[in-house]
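Report on the following structure.
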Ligand code: CA
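In our numbering, the protein residues as written are 2 to 668.
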């Protein structure tokens, strides 16, 4: 790792793309510009343009009357100004116009046009920035929009969804299929007459909708929506504008903005907070990204030979440690909070960003609203020139201030590694070697005296300072969905009914564990992607949720609903501090690698129940568990769950069926 650090230092001293020809020895010499007026400041009397491009020889502004095609109506040379900026002003009302910037680089080459990196409105496909009447973008009542209350991060239940998956099926009952506005429709029904859409989410009991990338991305051609092209959206183009293909009209720059806000407003009004999946770690294009067409080279990391470093495995990686890139990330998320009322951010490949940047994101967002939730993937997809100790990765999470990371330890312990299709996990009968990782998940990846960290799958130490800093989950958009993973990895003699038991057990562990639970949309409806791992551009037929499954798998759905209700009704499962978990959670020695058991008590975290006993049997055979003598009320047993009780239990040797959970409490 030392050699890599040396390369990194060398690179930060040397300019690529010939920036030295403009007098800068290194990217670190580029002046920091802290003004808030970058790129466009509009009033009806005047438009001021400011581009940050320190190494440019010349910069020009192109004004257009249309979003695509034709020659610029006007080309204006911008003048060099302070701190690496270039400026010009146009003293008339430019509303309805489009613009691009064009940089002549340090070597004297005119680069392609760019809308800049701070475009807040764009024309179709985001190639030109748009000047609009901003007040037209606010839906009615936007000023009164308020996020639902949130007390602790451990009260959150995350529901990860994609706009098309959620609404595009003919069975969705939603009118605006594949659009932001689908989440503004209430009263929608499945063909069988059950609730769908936002009503379904309320009924299910989740607290936060985590929407897959919804900023403007590159891979779907917004002029050919009739092709029904699908993409997850991890291919960023304009970070500060909503994606056009999710709008009812991608040609009118105000529409996508107004409809995005209408979606947020509707979710808020229905008691749901909104998380945006953000992908600042790489861009879709490399040489032709808006970053490179604005300040060539500056925003990326490079290898010693000048090629792009590629920790994203998508062709490039950004350089959050550079002052203006760090500032960009921080200002961009602040913009989404202030303009769009976003309540949280999920950082894709957060390990590509440095710890200081993520902590800056936290502190600046906390200054606006401390209940904004921040989490990310605490890993990279490839090696990076950024030294390991600076990366916002899982092992460094103790150095993060209330930024949560995903627990791949619990995920893979429950259902088997995502990299080994046929490997099962604790919940699907492969109990050997997984119990300690399940315990690690139960304590929310925090310090607990009864967990042996050396036996945990990928970690030798706790990485969450508090349970608020870990995301527990068993599946997300990546890799096989839960149903498919269980199908492909279950022992060959496992029946469909047994796989449902595995499914319930896996999620019961996730939703009763300390930490923040997360689920992928459709898991509650037994959604299958028909064995496709990487469905990022698969057709709707693979990705869409079939809402008729709500009737077909009604029993499974009710289980998920009751499981979430149990968590929401009982603070014992939502202890916000490590100290609290240590104080209230005790594991019971079971002498069986397939059985994990613990108690929560006395009135843990203010719970109405004095003592709760939780036992997970991952074995494919029944076990007898010694429940302490007493008057217990059963809430979960043998594949059924009901927070209102399923009868009484005296204690003593109690049969727990194969692949199931027992949860009982006493007053
Ligand atoms: Ca787009």
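Backbone N, C-alpha and C fix where the C-beta goes; we use that ideal spot for every residue, glycine too.
Given the structure is predicted, the values throughout are model-derived calculations rather than measurements.
| query | result |
| --- | --- |
| If residue 657 and residue 650 are in contact, beta carbons under 8 Å, what's the gap, nearest whole angstrom? | Going by Cβ atoms, the distance from residue 657 to residue 650 rounds to 11 Å, so no, they are not a contact pair. |
| Below 8 Å between beta carbons: does that hold for residue 452 and residue 437? | yes |
| Whole angstroms are fine: how far does the CA of residue 660 sit from the CA of residue 622? | 7 Å |
| With residue 77 as the anchor, note down where its beta strand (DSSP E) starts and where it stops. | 75 to 81 |
| In angstroms, rounded to a whole number, what distance separates the CA positions of residue 334 and residue 635? | 45 Å |
| Count the other CB atoms within 10 Å of the CB of residue 84; is the residue buried (16 or more) or exposed (fewer)? | exposed |
| Count the other CB atoms within 10 Å of the CB of residue 381; is the residue buried (16 or more) or exposed (fewer)? | buried |
| So what does residue 555 bridge to, in DSSP terms? | DSSP lists no partner for residue 555. |
| Under the three-state reduction of DSSP, which class applies to residue 241: helix, strand or coil? | strand |
| Using the beta-carbon count (16 or more within 10 Å), is residue 27 buried or exposed? | exposed |
| Can you find at least 3 beta carbon pairs, one from the segment 177 to 197 and one from the segment 158 to 168, that sit closer than 8 Å? | yes |
| Looking only at its own chain, which residues have a Cβ that is under 6 Å from the Cβ of residue 230, when we skip the five neighbours before and after it? | 221 |
| Given 8 Å as the limit, is there contact between the segment 446 to 462 and the segment 526 to 546, that is, 3 or more CB pairs closer than that? | no |
| Would residue 628 and residue 596 be called neighbours here (beta carbons separated by less than 8 Å)? | no |
| I need the DSSP call for residue 11, collapsed to helix, strand or coil. | Bear in mind that the predicted position of residue 11 carries a pLDDT of just 43, short of 50, making it too unreliable to give a figure here. |
| Taking 8 Å as the threshold (C-beta atoms), are residue 58 and residue 107 in contact? | yes |
| By alpha-carbon positions, which one of 404, 378, 388 ends up nearest to residue 361? | 404 |
| Any heavy atom of ligand 1 closer than 7 Å to the Cβ of residue 436? | no |
| Below 8 Å on the Cβ atoms is my guess for residue 207 versus residue 158; work out the distance and round it to an integer in Å. | 5 Å |
| Residue 626 bridges to which residues according to DSSP? | 655 |
| Might you give, ordered along the chain, the residues of its own chain that have their beta carbon closer than 8 Å to the beta carbon of residue 529, omitting 5 neighbours on each side? | 482, 484, 485, 488 |
| Determine the closest residue to residue 507 out of 497, 474, 406, 310, with distance taken between C-alpha atoms. | 474 |
| Give me the pocket residues for ligand 1, defined as CB within less than 7 Å of any heavy atom, sorted by chain position. | 126, 127, 217, 218, 219, 221, 223, 238, 244, 245, 246 |
| If you reduce the DSSP assignment to three classes, tell me which class residue 128 lands in. | coil |
| My parser needs the alpha helix (DSSP H) runs of 4 or more residues fully inside the segment 455 to 523; what are they? | 483 to 490, 497 to 513 |
| Comparing alpha-carbon positions, which option in 128, 51, 408 lies nearest residue 519? | 408 |
| May I ask you to report which of helix, strand or coil DSSP gives residue 584? | helix |
| Do residue 1 and residue 268 have their CB atoms nearer than 8 Å? | Since the first residue of the chain shown is 2 and the last is 668, residue 1 is not available in this structure. |
| To which residues of the same chain is residue 355 closer than 7 Å at the C-beta, ignoring the five residues directly before and after it? | 321, 322, 387, 391, 392, 393 |
| Where DSSP assigns a beta bridge to residue 218, which residues make up the other side? | 237 |
| Tell me whether residue 141 sits in a helix, a strand or coil according to DSSP, three-state version. | coil |
| Comparing alpha-carbon positions, which option in 615, 279, 637 lies nearest residue 1? | As shown, the chain starts at 2 and ends at 668. That puts residue 1 outside it, with no answer to give. |
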